[in-house]
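Numbering (my numbering), first residue to last: 326 to 601. Beta carbons are placed, not taken as given, at the ideal position from N, Cα and C, and that holds for glycine. Please read the structure below before turning to the comments.
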Ligand SMILES: [Zn+2]
């Protein structure tokens, strides 16, 4: 199976796009379809390129639809025209083997046929409000991280190292090695509010190993490649990152520092973004 190009890594604002089917796989029908969340006509589609964010890096997958593109519907083949009325509803997007992406979902109307043969041109549409929310939560996590590191460098907070982060609706946090006392919650909130209000641009960068080092981007120990993707908050710092982002810090809306929890020498700072 050819690998899938992740278009959202270069063009985060692409919400619709035409791509080609390179593989299709029927998922087994559950024994009791009435009890299963997986519809009887579930399939996995593989594409040459995708705009659907793949679950990972702390950001949830995108959902949306995959339809035959107008070109393939208007072909001369009457049979494929009838077959191609189906629309595929994407319900999960995960990494497959060898840099492929598995778009799992089901056809509407239901069919056990495989309406999309390899090489079918299809039109991809993602659920835009869901993507925008995920981008806001993801950018907010890095803004909060930068705000906390600034307070650490200024001596308000002790020395800290950012270790990991997750950016799920209802379950978002950034974690540090080092202890942050709960009394600093207001200071962290204020530093975050300031960064948001400044409306600083966020840039997606593709950097060499040396450029990452120069910009303070920590790369995982075992990582191959010559160029690495990073998100930079202008003038504040950058993170190795594969996710989608807003273009300026004030587009995240209000970021609320929810909790500060310490355990085993580390601290987890929970947050959420307020509805816009
Ligand atoms: Zn990130």
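- Relative to ligand 1, residue 383 has its C-beta within less than 8 angstroms of a heavy atom.
- Relative to ligand 1, the beta carbon of residue 493 is positioned no closer than 8 angstroms to any heavy atom.
- With contacts defined as CB atoms closer than 9 angstroms, residue 505 and residue 473 qualify as a contacting pair.
- In this structure, residue 569 sits near residue 384, with a CB-CB distance shorter than 9 angstroms.
- For the stretch 512-600, the continuous alpha helix (DSSP H) assignments of 4+ residues that do not extend past its boundaries occur at 534-539, in sequence order.
- When the beta-carbon positions are compared, residue 567 and residue 381 come within less than 9 angstroms of each other.
- Excluding five sequence positions before and after residue 559, the CB atoms of its chain that fall closer than 6 angstroms to its own CB belong to 525 and 526, given in chain order.
- By the CB criterion at 9 angstroms, residue 432 and residue 443 fall outside the cutoff.
- Secondary structure of residue 389 (DSSP, three-state): strand.
- Taking 8 angstroms as the cut-off, one finds at least one heavy atom of ligand 1 near enough to the beta carbon of residue 566.
- Judged by beta-carbon spacing, residue 564 lies within the 9 angstroms limit of residue 470, meaning their Cβ atoms are closer than that value.
- Scanning its chain for C-beta atoms nearer than 8 angstroms, with the 5 sequence neighbours on each side dropped, one finds around residue 352 the residues 363, 367, 368, 369 and 429, in chain order.
- The three-state secondary structure of residue 490, taken from DSSP, is strand.
- Distance from the C-beta of residue 560 to the nearest heavy atom of ligand 1 is not below 8 angstroms.
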